[in-house]
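Worksheet for the structure shown next.
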Amino acid sequence: MLKAVLLDISGELHEDGRALPGAVEAVARLQARELALRFVTNTSRKTSERVHAELRELGFAVAPEQVFTAPAAIRAHLLAHELRPYLLIHPDLEPEFAGLDTADPDAVVLGDAAERLDYRHLDAAFGLLQRGAPLLTVGTNRYFRQGGELHLDVGPFVRALEYAAEIEATVLGKPAAGFFRAVLEDAGVEPHEALMVGDDVECDVAAALELGLEACLVRSGKYRDGDEARAPGAACEDDLAALVARRFPE
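When we follow the numbering used here, the leftmost residue of the sequence shown carries the number 65, and every step to the right adds one.
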């Protein structure tokens, strides 16, 4: 029996600051049912607070505790392990890590840092990794969609540092099993009782299937023709509104 639904945010609920057609109504219908609804994202250009605020501004009835972001998971990890981070992150994300000790860093936090992903910053991170600092990242997403085009995400830079330093990054967002398990634990459900809906066939859909969740790939956001073949066993719908109409009819 389905007890929880996990929804990716960018490319599924909104794009370029606009709610996607039917998404607000679809979320409202899900919220009205006896389902644990959670909103999960790897975005590393916005704080958790900002993600929640933007959803509310677009008309989505979302409570702060329903939002799970990869940067928030990284902050919790840093505190739990008493690590001092070198923050290679987007300027807009800095408030998420306010108050942490960053002097003499002994860990590298890598996000979608945009223009900061230059040689100087990447080389500084490489130096720390050579000296034994762990590499913590929001995810391994290859690209994201903005302005109707695909753009490089953090994944290629994670792979570059892994290759150069001969280490393996610790992923604390999707597709990491630990991230999904934390969300499921918060929702109070087992994997087989949850449905993950997303536009990223690797980090959303295939990862969820591997953990035993149901999964649905939506043909919005970063979806590309043929992605269905990369996640056999997943359902596929044009968008969230279509999924809700079929799976949860009124």
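Backbone N, C-alpha and C fix where the C-beta goes; we use that ideal spot for every residue, glycine too.
As the structure is a computational prediction, the values presented were derived from the model and not from experiment.
Per-residue DSSP class, three states only, for residue i
| i | result |
| --- | --- |
| Arg184 | helix |
| Phe208 | strand |
| Arg102 | strand |
| Arg82 | strand |
| Leu199 | strand |
| Asp112 | Strictly speaking, residue 112 in this sequence is Ser, with Asp absent from that position. Reduced to three states, the DSSP call for Ser112 is helix. |
| Leu307 | helix |
| Ala298 | coil |
| Asp72 | strand |
| Leu122 | coil |
| Leu66 | coil |
| Glu314 | coil |
| Leu94 | helix |
CA nearest to the CA of residue i, picked from the options
| i | options | result |
| --- | --- | --- |
| Ile153 | Leu199, Leu122, Arg102 | Leu199 |
| Leu225 | Phe161, Ala272, Asp182, Leu71 | Asp182 |
| Ala83 | Leu304, Val308, Pro313 | Leu304 |
| Gly81 | Pro159, Arg93, Thr201, Gly212 | Gly212 |
| Asp302 | Leu186, Gln210, Arg288, Arg294 | Arg288 |
| Thr105 | Gly175, Leu164, Arg310 | Gly175 |
| Val202 | Pro239, Leu214, Gln210, Gly191 | Pro239 |
| Arg180 | Val218, Gly75, Gly252 | Val218 |
| Val173 | Ala134, Arg184, Arg209, Ala298 | Ala134 |
| Gly123 | Val308, Asn205, Leu192, Gly86 | Gly86 |
| His100 | His185, Val269, Leu248, Gly297 | It is Ala, not His, that sits at residue 100 in the sequence shown. Per the Cα distances, Leu248. |
| Leu66 | Cys300, Ala251, Ala306 | Ala251 |
| Leu192 | Phe208, Ile231, Ala96, His215 | Ile231 |
| Ala144 | Leu151, Ala125, Leu164 | Leu164 |
CB-CB length for residue i against residue j, believed under 8 Å
| i | j | result |
| --- | --- | --- |
| Gly276 | Pro255 | 4 Å |
| Ala295 | Glu278 | Their Cβ separation, rounded to whole angstroms, is 12 Å, which puts Ala295 and Glu278 out of contact at 8 Å. |
| Glu292 | Leu281 | 6 Å |
Beta-carbon proximity of residue i to residue j, cut-off 8 Å
| i | j | result |
| --- | --- | --- |
| Val131 | His116 | yes |
| Ser108 | Leu157 | yes |
| Leu147 | Ala177 | no |
| Ser112 | Ala90 | no |
| Phe312 | Ala272 | no |
| Asp72 | Val235 | no |
| Phe161 | Pro149 | yes |
| Val308 | Leu94 | yes |
| Glu79 | Gly297 | no |
| Arg206 | Gly75 | no |
Task: Entirely enclosed alpha helix (DSSP H) segments - the stretch 216 to 283, minimum 4 residues - done: Listed in chain order, they are 219 to 229, 241 to 251, 271 to 275.
Task: Residue ranges of each beta strand (DSSP E) within the stretch 126 to 193, 3 or longer - done: For the stretch 126 to 193, whole beta strand (DSSP E) runs of length 3 or above, ordered along the chain, are 131 to 133, 149 to 152, 171 to 174.
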